[in-house]
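All remarks here apply to the structure that follows.
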Amino acid sequence: MKDAPTAADSRPVESEIFRSRAGDFVFAGATGVIVLLGAVMLSDLHAGAAAALAIIYGSGLFLRYFSLREAAPVAPGITFNEEQVQKFERLRAVLNALPQPVMLLDENDHIEMSNPVCATTFGKEVSGRHISAVIRAPAALDSIRTARHERTVQEAELSMLNPDERTMLFYAAPVSAGQLADRGRIIVMLRDRTAQKKLERMRTDFIANASHELRTPLASMMGFIETMQNHAKDDPEARQRFLRIMQSQAERMLRLVQDLISLSAIELNEAKTPSDRVDLNETALSVCDMLAPIAQARGGTLVCEACADPVPVTADRDQVIQVIQNLCDNALKYGGTGPQVTVTTGHGIPPVEEGFRRTGDTAEAIAVRLGVDIRDVAWVRVQDRGEGIERTDLPRLTERFYRIDVEKSRSVGGTGLGLAIVKHILQRHRGGIAIESARGEGSAFTCFFPPAGR
Ligand SMILES: Nc1ncnc2c1ncn2[C@@H]1O[C@H](COP(=O)(O)OP(=O)(O)OP(=O)(O)O)[C@@H](O)[C@H]1O
Ligand SMILES: [Mg+2]
Numbered sequence: 242m243k244d245a246p247t248a249a250d251s252r253p254v255e256s257e258i259f260r261s262r263a264g265d266f267v268f269a270g271a272t273g274v275i276v277l278l279g280a281v282m283l284s285d286l287h288a289g290a291a292a293a294l295a296i297i298y299g300s301g302l303f304l305r306y307f308s309l310r311e312a313a314p315v316a317p318g319i320t321f322n323e324e325q326v327q328k329f330e331r332l333r334a335v336l337n338a339l340p341q342p343v344m345l346l347d348e349n350d351h352i353e354m355s356n357p358v359c360a361t362t363f364g365k366e367v368s369g370r371h372i373s374a375v376i377r378a379p380a381a382l383d384s385i386r387t388a389r390h391e392r393t394v395q396e397a398e399l400s401m402l403n404p405d406e407r408t409m410l411f412y413a414a415p416v417s418a419g420q421l422a423d424r425g426r427i428i429v430m431l432r433d434r435t436a437q438k439k440l441e442r443m444r445t446d447f448i449a450n451a452s453h454e455l456r457t458p459l460a461s462m463m464g465f466i467e468t469m470q471n472h473a474k475d476d477p478e479a480r481q482r483f484l485r486i487m488q489s490q491a492e493r494m495l496r497l498v499q500d501l502i503s504l505s506a507i508e509l510n511e512a513k514t515p516s517d518r519v520d521l522n523e524t525a526l527s528v529c530d531m532l533a534p535i536a537q538a539r540g541g542t543l544v545c546e547a548c549a550d551p552v553p554v555t556a557d558r559d560q561v562i563q564v565i566q567n568l569c570d571n572a573l574k575y576g577g578t579g580p581q582v583t584v585t586t587g588h589g590i591p592p593v594e595e596g597f598r599r600t601g602d603t604a605e606a607i608a609v610r611l612g613v614d615i616r617d618v619a620w621v622r623v624q625d626r627g628e629g630i631e632r633t634d635l636p637r638l639t640e641r642f643y644r645i646d647v648e649k650s651r652s653v654g655g656t657g658l659g660l661a662i663v664k665h666i667l668q669r670h671r672g673g674i675a676i677e678s679a680r681g682e683g684s685a686f687t688c689f690f691p692p693a694g695r
């Protein structure tokens with residue numbers, strides 16, 4: 242904790258320990274000088290030596306007195322012995338090490354003490370300031386007032402904008418023991434809940450999105466069932482048409498449920514880093530073989546340009562396949578009519594497309610994260626020559642259920658979870674993804690994986 246630099250409190254009333262040390266020093270020093278003078282007068286060697294020892298002892302006490310005076314905390318009306326000073330030092334070390342801001346307020350709400358994290362949290366030194374100059378939220382000031390008045394711990398959630406937007410949990414607790422309590426002091430603590438809040442919001446958004454995605458095809462199926470029971474009861478042709486639509490809706494629901502299961506399975510295993518040796522060349526080739534008929538059916542091509550050397554990575558083979566497959570599926574779906582899709586593999590820095598905007602990870606960042614040489618970072622890249630992606634959409638593509646054109650995605654059977662799955666798989670592998678695109682030129686998705694020894 243830093244002592245507040247207010248004149249009233251930083252002017253110490255000396256504690257007993259220091260007074261007794263000062264007395265000892267004066268006594269030993271004065272005795273030494275008197276004995277030394279006597280020894281000189283009597284030319285007594287032994288007395289001279291005793292006087293010198295007394296002076297040395299006196300100087301030792303003098304130095305110790307000042308070092309303690311420097312290091313020791315002193316507060317008005319409080320006395321400490323040496324053991325208490327040490328305890329205080331330990332307590333100060335604990336408070337300084339705390340990751341959340343802690344402050345001690347005096348009876349007028351001035352910050353008497355604060356730990357170093359306060360300065361980083363509030364972007365300025367806080368000791369000595371009035372609390373309202375540091376935290377402006379009325380809820381915080383109300384909590385302090387109530388805590389002092391009712392002598393109970395108060396809690397409030399604050400939305401702070403300075404120095405950046407955050408949600409903080411604020412506690413105000415009255416000091417309950419000893420002389421500090423008599424003066425109405427309050428301990429203030431804050432806990433950053435920004436990440437937790439974001440997670441909660443994501444979770445509720447996710448549930449809302451997932452239920453919405455399931456409700457739409459379900460509602461449409463209910464509608465068709467009703468029509469078939471009534472108007473279309475005796476129209477076999479219409480019934481066949483409705484059944485086909487219902488089948489495709491049911492398939493979409495099944496795909497969505499499978500994607501959700503897949504996502505939660507990846508999340509469940511996220512802490513378990515994969516350890517198999519997988520060759521990106523081999524997985525890329527097998528996905529291209531698997532999807533070539535689909536590319537052909539859409540009047541396009543899916544070509545694999547594997548690196549000449551093997552590209553071994555430490556990975557989960559099924560998940561690497563899932564990543565490449567999701568990216569190829571997108572490239573074939575959104576890569577325009579007669580999509581031309583290329584899958585490339587390699588090590589180090591992947592090629593850069595002239596004029597493409599970029600978002601996501603870089604080979605350099607991945608090399609640092611994995612602690613490997615940048616030339617060893619392994620990647621697989623899926624590129625199409627489709628309509629491309631707007632700059633504003635680029636950073637949001639990997640969000641769950643985010644689709645640029647929801648109707649278009651639905652019409653091609655999309656659930657909006659493909660890239661979220663890709664991102665989670667790469668997170669589990671401690672890899673990353675980079676997305677590049679230019680309107681009218683196409684898009685490139687590059688996935689980085691940790692290399693396995695070549
Ligand atoms: N290669 C691409 N070119 C243009 N837009 C793309 C491309 N890949 C993805 N997108 C856009 O990103 C959105 C999200 O893709 P994502 O794969 O997550 O979902 P989806 O393809 O709609 O559904 P799913 O993959 O779950 O079946 C797509 O809806 C599309 O708008
Ligand atoms: Mg997709």
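Using my numbering, the first residue of the sequence shown is number 242, and each one after it goes up by one. Quick reminder that beta carbons are idealized off the backbone N, C-alpha and C, glycines included.
Sorted by chain position, residues whose beta-carbon lies closer than 7 Å to a non-hydrogen atom of ligand 2 are Asn567, Asp570, Asn571, Lys574, Gly655, Gly659, Leu660.
Annotation: cysteine 688 is outside any alpha helix (DSSP H); the continuous beta strand (DSSP E) that includes it extends over 683-690. Per the coordinates, the alpha-carbon of threonine 408 lies some 50 Å from the alpha-carbon of phenylalanine 483. Shortest gap from the CB of glycine 627 to any heavy atom of ligand 1: under 6 Å. Classified as exposed, isoleucine 466 has fewer than 16 neighbouring CB atoms from the shown chains inside 10 Å of its CB.
A contact is defined here as three or more CB-CB pairs under 8 Å, and the stretch 634-650 fails this definition with respect to the stretch 532-550. The three-state reading of DSSP puts arginine 680 in coil, since its state is none of H, G, I, E or B. The C-alpha of glutamine 537 lies about 24 Å from the C-alpha of serine 678. Judged by beta-carbon spacing, alanine 449 lies beyond the 7 Å limit of proline 515, meaning their Cβ atoms are not closer than that value. Apart from the 5 residues on each side of it in sequence, alanine 572 sits with its Cβ closer than 6 Å to the Cβ of Val582, Val623, Asp625 in its chain, given in chain order.
Short of 7 Å from the beta carbon of aspartate 617, and not among the five residues preceding or following it, lie these beta carbons of its own chain, in chain order: His588, Pro692. Aspartate 614 has its alpha-carbon roughly 49 Å from the corresponding atom of isoleucine 428. Of the candidates Arg432, Ala381, Tyr412, Arg432 places its Cα closest to the Cα of proline 340. Beta-bridge partners assigned by DSSP to histidine 588: Ala619. One thing to note: proline 553 has its Cβ no nearer than 7 Å to the Cβ of asparagine 522. Assigned with DSSP and collapsed to three states, proline 477 falls in helix. Residue burial annotation: isoleucine 352 is buried, with at least 16 other C-beta atoms found within 10 angstroms of its C-beta. The DSSP assignment places complete beta strand (DSSP E) segments of no fewer than 3 residues inside the stretch 341-423 at 343-346, 352-355, 395-401, 407-415, in order along the chain. Sorting Asp520, Ala397, Gly577 by C-alpha distance to the C-alpha of glycine 627 places Gly577 at the top.
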